[in-house]
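Some notes on the structure that comes next.
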Amino acid sequence: MVSRKVSRRRFVASTAAVSTALVAAPFVRGAYAAGKLSLGLWDHWVPGANKATEEVIKAWADKEKVEVTLDFITSQGNKLLLTTAAEAQAKSGHDVLAFSTWLPARYSEQLVTMNDVVEPLIKQNGAVNGTVEYLGKVGGKWLAVPATVGSQMKGPCSRIDLMKSLAGIDVQAMYPAGSPPKAEAWTLDAFLKAAEACQKGGHAFGIGLGTTSDSVDTAGAIFHSFGAILVDAKGEITVKNDKVRQALEYYKKLMAFLPEDAPAWDDASNNKWLVSGKGALIMNPPSAWAVAKRDAPKVAEQCWTHGFPSGPAGRFGPFLPFFWGTWSFSKNQSAAKSLLTAMSQPDAAEKMVIASGGYDLPSFEKLTTFKTWAEEGPPKGTLYHYPNPHNHQTLSIAAAPAPHKIAEQIYTQGIQTQMAVRFYKGEAMDKTLDWAAKEIEGFMRN
Amino acid sequence: MADIAARGAVTATGSSRSSLHKLMQRKSTIAFLMALPLIVLILTLVAYPAGYAVYLAMLNKGMTRFVGFGNFDFLFGRETFWMVVYQSCLFAITAVIFKAIIGFVVAHFVHNIPSKGQRKWRGMLLVPWVIPPAMSTLAWLWLFDPSYSAFNWILAGFGIDRIPWTGETGWARFSVILVNVWIGAPFFMIMYLAALKSVPEQLYEAASIDGATWWQRIWYVTLPMMRNIIAITALFSLIVTFANFDIVRVLTKGDPLNTTHVFATWAFRVGIESGDIPLGASVSLFMVPILAVAATFILRDITKRGSEV
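Protein chains in written order, with the numbering used here: chain A, 376 to 821; chain P, 10 to 318.
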């Protein structure tokens, strides 16, 4: 073995020569010249739906010469939520991550501002609804980009036959495929009467009253329909008011016609209720209908997704957006922004909507009229009104317009459904309101 | 002079080498080195997370400020928190008592089976304990399903009204305790069976000669001989049951009205799902003083008996 001693003078000379050569060398664009980018995206429920996203990303990566690592992370068992929390704590992880409903606001101080991505997208694709703006834009800054994948509405999915025979309501006439809704008569009072008729006919409405998302979203929309706000935008507790009382009184009447065990329901219970043929109506995105298409085609043929009933304060439909965001510790933020712009283009969004069978909803106004929703079936047109194409209802989220850090806790701890169950079980109205006010007081600590 | 200094240095090096050599030959050093990987593992996976949890519990909600015991002070004023304390104690204590009783009875049955067929029974009885709890709880979830409970279907066959297994507070608490007992009783059974096998047969023979009844044999021979193992098993199970997460999480998610939450599930709800990590850490750490008191009493009793022997 030959060993040669390198003198200090020789080392300095060699280093200088190599540095000069590197600086002076012409830029040769290699296979991955624009660096690396790692993505953690939501693993879709719908089989094969990830493929469209993969294709969009691959096309962008090939064009931009970026080496992309793609992880689809399930939300089953809160895996995505835990990954997000771990990355935020460790200040290390994916460059681009999918953030569910409340998370952009939760991690607002750790996310890269996306105004330069979202504002041009709004100009191009139309405005986003108020709920998306409330959840994604804090203090004038867009914290993440509204995602097509995973964003969903949780409006009613009714059985055409049962609603007609038991409640005398023709949901297809009320929400005709391809035309604006004719739903003036579709009010909370009509909804209550229909719930009673269907329950008496042995096909109760399947609305949960647990603390999981589906139950909370319905409660949120009904509370909004009465104008019942628990905490206002300034952070003042407004629990003890007549509108909240009205909403609770309404829920008490409604609960008498819901399945007895509704307080124990989780997000799977309503799906099972519909697919088994037991229920005349549930509040859910079209995933329950998609399962019925596979497992109970006769049930699926009778399903019709439509708008929410209106209340004294208006018509509110629950909307749960997903977002794509970039951590401030990401090393390739410019590439991340470029990719998120590519993923939000109309053709990319349409691909994702097609792949998800119409489940995914773009948040931008001009992207709610893709052919998929009009053509999906059976029955044909069953999803036409799912993306709210005629802006027939205000898209909302439970606990809004409270400041995010309070609203998130009202939402995740199911305060509204708990209030409804407490009051229904015989607790005095004032006691229920006191309990809620005390719980919310606890959410205000800094 | 320089020569003397050099020789001194050589002697010093030689002596340090030989003392290092001696140190390496000492049994305690070898034992320490062999245990070192485990010590490192425990420091990394137990001590560091525990210390970090204590640190987190002393931060404000935004994790920007040190608040000392402020989070604990806040928790003491919350109605829901005291409900979680009550439910955790009810869940852990009831479940451990039932697991101990069932384990004790079944261990006796198995002990009395002829040794030829005993192995088969031991294996079968251990099944609930060896299945991952999240999986077996999922099966229980289907049995208790709010709308399609298999139990209710059977009850309906006998004309009995359906039971809201997870829909009413009382039944939901019963359900989570039942599943915990089902999963944990085999552990008690196997520990007690091992203890039973180590009780000298002569003691029973002497008791029989003295005319002791079966109950007296259990009270005066079996139980005193098993006291330490009963205490250790109870302590171990109490710790594990207090810290339980999966059963409640899968079966009820803390519903209805938060009445089935235990410390771990409530900590998850508050810390991870609601984004208040310091408060979640405080809830989870609240188990520590409760378990420390229980451990002190149980272990002190064992030490006392040990010194009596």
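All C-beta atoms in this analysis are idealised placements derived from N, C-alpha and C, irrespective of residue type, glycine included.
6 Å CB neighbourhood of residue i in its chain, flanking five on each side removed
{"i": "K668/A", "result": "A675"}
{"i": "G789/A", "result": "T586, V591"}
{"i": "A436/A", "result": "V443"}
{"i": "P737/A", "result": "T523, A724"}
{"i": "G263/P", "result": "T269, H270, T274"}
{"i": "P634/A", "result": "A579"}
{"i": "L2/P", "result": "The displayed coordinates of chain P run from 10 to 318. Any statement about residue 2/P would go beyond what the structure contains."}
{"i": "Y482/A", "result": "A463"}
{"i": "F78/P", "result": "none"}
Min CB distance residue i to chain A below 7 Å
{"i": "P155/P", "result": "yes"}
{"i": "G77/P", "result": "no"}
{"i": "P298/P", "result": "no"}
{"i": "N253/P", "result": "no"}
{"i": "G60/P", "result": "no"}
{"i": "T269/P", "result": "no"}
{"i": "N69/P", "result": "yes"}
{"i": "G176/P", "result": "yes"}
{"i": "P173/P", "result": "yes"}
{"i": "H214/P", "result": "Correcting the residue type first, residue 214/P is Glu in the shown sequence and not His. So no, E214/P is outside the interface."}
{"i": "D219/P", "result": "no"}
DSSP three-state assignment for residue i, whether helix, strand or coil
{"i": "Q96/P", "result": "helix"}
{"i": "F683/A", "result": "coil"}
{"i": "V513/A", "result": "strand"}
{"i": "L808/A", "result": "helix"}
{"i": "R820/A", "result": "coil"}
{"i": "I122/P", "result": "coil"}
{"i": "T146/P", "result": "helix"}
{"i": "V377/A", "result": "Bear in mind that a pLDDT of 40 at V377/A, under 50, signals an unreliable position, so the model cannot answer this."}
Candidates the options: closest to residue i by CA position
{"i": "I111/P", "options": "V185/P, A59/P, F160/P, N189/P", "result": "N189/P"}
{"i": "S145/P", "options": "L212/P, S291/P, D255/P", "result": "D255/P"}
{"i": "K615/A", "options": "I815/A, L742/A, G543/A, S731/A", "result": "I815/A"}
{"i": "A116/P", "options": "M235/P, A148/P, I241/P, S184/P", "result": "M235/P"}
{"i": "E611/A", "options": "F704/A, A777/A, A460/A, P696/A", "result": "A777/A"}
{"i": "D589/A", "options": "G530/A, G543/A, K627/A, Y626/A", "result": "G530/A"}
{"i": "T261/P", "options": "A181/P, R309/P, L29/P", "result": "A181/P"}
{"i": "P551/A", "options": "Q793/A, Q784/A, H765/A", "result": "H765/A"}
{"i": "G732/A", "options": "S413/A, T757/A, Q720/A, G452/A", "result": "T757/A"}
{"i": "G280/P", "options": "S27/P, M133/P, K70/P", "result": "K70/P"}
{"i": "M72/P", "options": "G410/A, F698/A, Q464/A", "result": "Q464/A"}
{"i": "E484/A", "options": "M528/A, E750/A, G700/A", "result": "G700/A"}
{"i": "E177/P", "options": "F295/P, L266/P, V302/P, M43/P", "result": "L266/P"}
{"i": "L486/A", "options": "V471/A, I772/A, Q499/A", "result": "V471/A"}
Sequence-distant residues of its chain with Cβ nearer than 7 Å to residue i (five each side left out)
{"i": "K618/A", "result": "F601, G602, A603"}
{"i": "A502/A", "result": "E740"}
{"i": "T613/A", "result": "I604, L605, V606, D607"}
{"i": "A811/A", "result": "L605, V614, I790, M794"}
{"i": "V889/A", "result": "This structure cannot speak to residue 889/A, because chain A is shown only from 376 to 821."}
{"i": "T792/A", "result": "L584, G585, T586, S590, V591, A594"}
{"i": "A240/P", "result": "I307, D310, I311"}
{"i": "T744/A", "result": "P764"}
{"i": "V259/P", "result": "A143, T146, L147, L150"}
is_contact[residue i, chain P] using C-beta, thresh 7 Å
{"i": "T784/A", "result": "Note on residue identity: the sequence assigns Gln, not Thr, to residue 784/A. Judged by the 7 Å Cβ criterion, Q784/A is in contact with chain P."}
{"i": "A811/A", "result": "no"}
{"i": "R690/A", "result": "no"}
{"i": "V606/A", "result": "no"}
{"i": "D592/A", "result": "no"}
{"i": "R481/A", "result": "yes"}
{"i": "Q574/A", "result": "no"}
{"i": "N821/A", "result": "yes"}
{"i": "T449/A", "result": "no"}
{"i": "G585/A", "result": "yes"}
Contacts around residue i, its chain only, beta-carbon distance under 8 Å, and the 5 residues preceding and following it disregarded
{"i": "S450/A", "result": "W417, D418, L456, S475"}
{"i": "M549/A", "result": "P556, K557, A558, A560, W561, H681"}
Contact test: residue i Cβ vs the ligand NAD heavy atom, cutoff 6 Å
{"i": "Y799/A", "result": "Among the components of this structure there are no ligands whatsoever, and the ligand NAD is therefore not found."}
According to DSSP, residues forming a beta bridge with residue i
{"i": "I448/A", "result": "W417/A"}
{"i": "R534/A", "result": "C678/A"}
{"i": "V520/A", "result": "W699/A"}
{"i": "I657/A", "result": "C532/A, G581/A"}
{"i": "L486/A", "result": "W702/A"}
{"i": "Q527/A", "result": "L695/A"}
Neighbour flag for residue i against chain C, beta carbons, 7 Å
{"i": "T274/P", "result": "In the structure shown, chain C cannot be found, because the protein chains are A and P."}
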